[in-house]
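Enquirer: In my numbering, the protein residues as written are 12 to 332.
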């Protein structure tokens, strides 16, 4: 993988404050509205990694807003963050719904609202992270204006230039195949299944349908060819999803005037190993921590150590695969 997942490391501090002090009572928010952090971005840009970085530096818990990852099962195909990489941080709404049950925007709003109440009751900050922007929009811009009347939001979007992200997505799919995605999805295969319901809507499931149906009747060479066609289709569909997600974020910024901080992670994805980790801290995790700290604790921009690495991505994005 391009980006190393050394997620539990805390390598920066704000204002030369000792590590962990941001979790102390001294820095509790004091405004009337409750504070919520919402992390957005296209698939594969590092939203889960950033949510853990923030939650290890601030008094926070994480709420999943990916409408597919809310289902139990298919952990590889749905790219759920592994348990060992969650740094023992509470993750809400991750792998908790039956894989055969549909999960609507209304369901998300109800569950996320309860999760936020629970987190806030412990004097923690809810960090909502995921790629289902329509569900986030349903939560934030509800018809009765209840959310906006109660909560103040800090929106962060991890942005990666599309050609670079497309290459990363291709490599990530190959890695998922190496990890056993084909056998994992095969265990869910049902010739009579409805791919419009539950976890079977996930990219990486319907693409294998033709392969699994034909597999018993093909020789090794034919199976290999059909398998590669399915994998390439997964890559194409994932890149199309990334473009749709970015387009929705642009609509929320430009049409609905959401104030979304765009943090450019492109250079991170061009690097490998330690260089990628250092770039992540410098260009993404550090600036994002500063933005959120200013939002929560009213730090003025002049007191922050570095400036955010901001970029407004261009549209439209082309499908490269």
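Quick reminder that beta carbons are idealized off the backbone N, C-alpha and C, glycines included.
In chain order, what residues of the same chain lie with their CB nearer than 7 angstroms to the CB of residue 260, ignoring the 5 residues before and after it?
Expert: Looking up residue 260 in the chain shown gives position 249. Cβ neighbours of residue 260 beyond the five flanking positions: 51, 144, 168 and 271.
Enquirer: Along the chain, which unbroken stretches of the beta strand (DSSP E) at least 3 residues long are found entirely within the segment 138-170?
Expert: List check, beta strand (DSSP E) in window: 162-170.
Enquirer: Just checking my contact of residue 55 with residue 80 at CB under 8 angstroms: how many whole Å lie between their CB atoms?
Expert: For the purposes of this step, residue 55 is taken as the residue at position 44 of the chain shown. For the purposes of this step, residue 80 is taken as the residue at position 69 of the chain shown. Residue 55 to residue 80, Cβ: 13 angstroms. No contact.
Enquirer: Residue 130 to residue 84, Cα distance in whole Å?
Expert: Stepping through the chain shown from its first residue, residue 130 is reached at position 119. Stepping through the chain shown from its first residue, residue 84 is reached at position 73. Going by the C-alpha atoms only, they are around 25 angstroms apart.
Enquirer: Mind checking residue 102: buried by the 16 CB within 10 Å criterion, or exposed?
Expert: The residue given as residue 102 occupies position 91 in the chain shown. Answer is buried; the Cβ neighbour count reaches 16.
Enquirer: Rounded to whole angstroms, what is the Cα-Cα separation between residue 195 and residue 210?
Expert: On the chain shown, position 184 is the one that residue 195 refers to. On the chain shown, position 199 is the one that residue 210 refers to. If I take the Cα positions, the gap works out to 13 angstroms.
Enquirer: I'd like to know whether the C-beta atoms of residue 44 and residue 163 end up nearer to each other than 8 angstroms.
Expert: For the purposes of this step, residue 44 is taken as the residue at position 33 of the chain shown. For the purposes of this step, residue 163 is taken as the residue at position 152 of the chain shown. Yes, Cβ-Cβ distance for residue 44 and residue 163 is below 8 angstroms.
Enquirer: With respect to the beta strand (DSSP E) encompassing residue 52, which residues constitute its N-terminal and C-terminal limits?
Expert: Sequence index remark: in the chain shown, residue 52 carries index 41 (1-based). Element bounds for residue 52: 45-52.
Enquirer: May I ask you to verify whether the segment 179-186 touches the segment 241-248, counting CB pairs closer than 8 angstroms and requiring at least 3?
Expert: Contact between the segment 179-186 and the segment 241-248 is present, because at least three Cβ pairs lie under 8 angstroms.
Enquirer: Could you give the DSSP three-state label for residue 275: helix, strand or coil?
Expert: Translated into positions along the chain shown, residue 275 becomes position 264. Looking at residue 275 - three-state DSSP - the assignment turns out to be strand.
Enquirer: What does a CB cutoff of less than 6 angstroms around residue 280 pick up in its chain, not counting 5 residues either side in sequence?
Expert: For this step, residue 280 is matched to residue 269 along the chain shown. If we look at residue 280 and ignore the five residues flanking it on each side, its Cβ neighbours are 13, 171, 175 and 179.
Enquirer: Can you tell me where the beta strand (DSSP E) with residue 71 in it begins and where it stops?
Expert: If you number the chain shown from 1, residue 71 lands on position 60. Note, residue 71: beta strand (DSSP E), 71-75.
Enquirer: Between which two residues does the alpha helix (DSSP H) holding residue 2 run?
Expert: Any property of residue 2 remains undetermined from this structure, which presents the chain solely from 12 to 332.
Enquirer: Cα separation between residue 264 and residue 149?
Expert: Position 253 of the chain shown, counting from 1, holds the residue named residue 264. Position 138 of the chain shown, counting from 1, holds the residue named residue 149. Computed Cα separation, rounded: 15 angstroms.
Enquirer: From residue 132 to residue 73, what distance separates their C-alpha atoms?
Expert: As a first step, residue 132 is located in the chain shown; it is residue number 121 there, counting from the start. As a first step, residue 73 is located in the chain shown; it is residue number 62 there, counting from the start. The alpha-carbon atoms of residue 132 and residue 73 are separated by roughly 14 angstroms.
Enquirer: Using the Cα positions of residue 120 and residue 308, report the straight-line distance between them to the nearest angstrom.
Expert: By one-based count along the chain shown, residue 120 stands at place 109. By one-based count along the chain shown, residue 308 stands at place 297. When rounded, the distance between both Cα atoms is 27 angstroms.
Enquirer: Rounded to the nearest angstrom, what separates residue 288 and residue 87 at their Cα positions?
Expert: Taking the first residue of the chain shown as 1, we reach residue 288 at position 277. Taking the first residue of the chain shown as 1, we reach residue 87 at position 76. Between residue 288 and residue 87, the C-alpha separation is close to 23 angstroms.
Enquirer: For residue 177 and residue 92, I'd like the C-alpha separation in whole angstroms.
Expert: Within the chain shown, numbered from 1, the residue matching residue 177 stands at position 166. Within the chain shown, numbered from 1, the residue matching residue 92 stands at position 81. Answer to the nearest angstrom: the Cα atoms are 20 angstroms apart.
Enquirer: I need the straight-line Cα distance from residue 89 to residue 158, nearest angstrom please.
Expert: Sequence index remark: in the chain shown, residue 89 carries index 78 (1-based). Sequence index remark: in the chain shown, residue 158 carries index 147 (1-based). Approximately 29 angstroms, taken between the alpha carbons.
Enquirer: Between the Cα of residue 115 and the Cα atoms of 173, 207 and 137, which residue gives the shortest distance?
Expert: Mapped onto the chain shown, residue 115 falls at position 104. Checking every option, the nearest Cα to that of residue 115 belongs to 207.
Enquirer: Can you list, in chain order, the residues of its chain with a C-beta nearer than 7 angstroms to that of residue 299? Leave out the 5 residues immediately preceding and following it.
Expert: Working through the chain shown from its first residue, we reach residue 299 at position 288. The answer, listed in chain order, is 61, 65, 167 and 274.
Enquirer: Roughly how many angstroms separate the alpha carbons of residue 228 and residue 156, rounded to a whole number?
Expert: If you number the chain shown from 1, residue 228 lands on position 217. If you number the chain shown from 1, residue 156 lands on position 145. Distance between the alpha carbons of residue 228 and residue 156: 57 angstroms.
Enquirer: I'd like to check one pair, residue 126 with residue 76: are the Cβ atoms closer than 8 angstroms?
Expert: Here residue 76 corresponds to residue number 65 of the chain shown, with the count starting at 1. Here residue 126 corresponds to residue number 115 of the chain shown, with the count starting at 1. Going by C-beta atoms, residue 76 is not nearer than 8 angstroms to residue 126.
Enquirer: Let's see if you can read the secondary structure: which residues bound the alpha helix (DSSP H) around residue 208?
Expert: The sequence position of residue 208 within the chain shown is 197, counting from 1. Residue 208 -> no alpha helix (DSSP H), and no H or E assigned at all.
Enquirer: Could you check which residue in 146, 82 and 276 has the C-alpha nearest to that of residue 124?
Expert: Along the chain shown, read from residue 1 onward, the residue named residue 124 stands at position 113. Out of 146, 82 and 276, 146 has the C-alpha closest to the C-alpha of residue 124.
Enquirer: Could you give the distance in angstroms between the alpha-carbon of residue 188 and the alpha-carbon of residue 252?
Expert: In the chain shown, the residue the question calls residue 188 occupies position 177. In the chain shown, the residue the question calls residue 252 occupies position 241. Distance between the alpha carbons of residue 188 and residue 252: 19 angstroms.
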